[in-house]
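In the numbering used here, the protein residues as written are 15 to 380.
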Ligand code: NAD
């Protein structure tokens with residue numbers, strides 16, 4: 015008898031996903047996919063991405079990959095949320111409307127609090143406002159609606175905390191004073207990292223594919239500008255990728271002339287082999303989702319405290335220093351690359367919480 019295969023369900027099982035929800039609203043043109051990876055720690059949280067996916071499978075795979083990333087990010091950052099993500103299939107420059115985002119909001123509301131949404135590539139705080147007209151289950155919101163507002167600045171703060179711990183591992187001191195830091199990408203995060211690094215006495219090398227972003231950070235400060243393709247081989251102490259994923263790979267790693275890599279970009283390592291290759295070169299790699307969690311920690315804080323409180327949320331962002339140190343300590347103890355130590359930290363927390371929940375259910379633990 016031929017074996018029946020279930021491609022999507024097999025994929026869900028392989029990576030232990032809980033749900034994949036397909037949303038269609040013919041009247042608004044909405045086609046969206048909500049992925050829920052793991053809700054052991056709490057309801058799934060993660061942003062809403064809008065992108066011109068080439069196929070339905072590409073969109074589903076992206077939603078699932080990103081949701082799984084959120085599980086790890088929240089777990090390692092000690093946030094009581096699971097991992098989720100929604101992707102909208104469409105062109106953010108042409109296909110947006112209030113009706114479309116309100117429609118998505120209704121789908122999220124229908125899930126009854128299983129998934130909380132927020133901003134991501136292709137969506138803005140404005141879109142969050144439209145979703146919020148239909149659903150209570152939002153993480154990212156503008157300040158006037160009780161949210162944390164823009165989070166690029168706090169993400170930058172968290173990245174710098176992690177960067178300093180990585181620099182200490184490489185040099186023995188966490189001071190950035192006089193060190194050269196190369197920032198790739200000067201968007202919401204990179205443009206905020208630049209002034210914060212400047213305050214700490216770092217010398218800056220920057221690049222961006224968009225010349226207007228470079229011009230904006232040059233106003234009132236002296237930074238060295240290089241072409242985007244030259245950033246990898248430029249000598250520097252710290253390389254801070256704040257643009258795209260996949261930029262640490264077989265081509266770029268041999269070219270790097272730095273002691274530390276610490277930036278905000280998600281999924282910097284193209285493959286797991288690249289994580290090992292960077293360690294082999296003697297470069298300290300601060301795992302991306304550990305040090306870029308500042309925004310996620312900051313804007314989800316109000317879900318647990320009733321309302322957004324800047325000082326309390328920022329105190330949690332400062333803990334990124336401790337978490338980064340724990341990752342390096344674990345890597346050293348277990349003789350594993352830092353990216354693997356980060357995963358282990360997250361997986362251990364989820365497993366421990368799952369075990370405690372199971373014991374509580376059986377009445378053996380209170
Ligand atoms: P953004 O879109 O605001 O900025 C990205 C910048 O990178 C743009 O200015 C773009 O022109 C530039 N860029 C694109 N390709 C480039 C290239 N090849 N070389 C140089 N520059 C290039 O994005 P962002 O919100 O600043 O996020 C940056 C990265 O950090 C992304 O990977 C994002 O997923 C991640 N991240 C962001 C946050 C946040 O709070 N915004 C939080 C966690 C992780």
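Even for Gly, the Cβ is constructed at its ideal location relative to N, Cα and C.
Cross-strand partners of residue i (DSSP beta bridge)
i           : result
residue 65  : 103
residue 152 : 131
residue 299 : 275
residue 239 : 220
residue 58  : 96, 129
residue 283 : 262
First and last residue of the uninterrupted alpha helix (DSSP H) at residue i
i           : result
residue 194 : Careful: residue 194 lies outside any alpha helix (DSSP H), inside the beta strand (DSSP E) at 194-198.
residue 121 : 112-124
residue 367 : 352-375
residue 136 : Where residue 136 is concerned, there is no enclosing alpha helix (DSSP H), given that its DSSP letter is neither H nor E.
residue 339 : 334-348
residue 94  : Premise fails: residue 94 is in no alpha helix (DSSP H) and is neither H nor E.
residue 270 : It is not in any alpha helix (DSSP H) - residue 270 carries neither H nor E in the DSSP assignment.
residue 312 : 308-314
Start and end residues, beta strand (DSSP E) containing residue i
i           : result
residue 252 : 252-255
Cβ-based neighbour list, residue i, same chain, cut-off 6 Å, excluding 5 preceding and 5 following
i           : result
residue 102 : 46, 64
residue 174 : 210
residue 151 : 122, 127, 130
residue 35  : 48
residue 227 : 200
residue 147 : 116
residue 277 : 254, 255, 256
residue 182 : 188
residue 62  : 100, 131, 134, 137
residue 149 : 119, 122, 123
residue 269 : 246, 247
residue 360 : 86, 89, 90
residue 184 : 273, 274, 298
residue 156 : 139, 163
residue 328 : none
residue 76  : 101
Neighbourhood of residue i by C-beta distance below 7 Å, restricted to the same chain and skipping five residues each side
i           : result
residue 283 : 262, 289, 353
residue 82  : 29, 51, 97
residue 165 : 309, 312, 313
residue 54  : 96, 364, 367, 368
residue 235 : 212
residue 383 : Outside the displayed span of the chain (15 to 380) sits residue 383, for which this structure offers no information.
residue 260 : 281, 284
Sequence-distant residues of its chain with Cβ nearer than 8 Å to residue i (five each side left out)
i           : result
residue 191 : 214, 215, 216
residue 94  : 55, 56, 88, 318
residue 356 : 86, 90, 301, 303, 304, 341
residue 154 : 61, 131, 132, 133, 139, 142, 161, 162, 165, 313
residue 345 : 351, 352, 354, 355
residue 326 : 315, 319
C-beta neighbour in chain C for residue i, strict 7 Å
i          : result
residue 32 : In the displayed structure, chain C is absent; only one protein chain is listed.
What are the complete beta strand (DSSP E) segments, minimum 3 residues, inside the stretch 26-53? Runs found: 33-39, 44-52.
Contained alpha helix (DSSP H) runs [length at least 4] in the stretch 166-237, N- to C-terminal order: Qualifying alpha helix (DSSP H) stretches, in chain order: 166-185, 204-213, 225-232.
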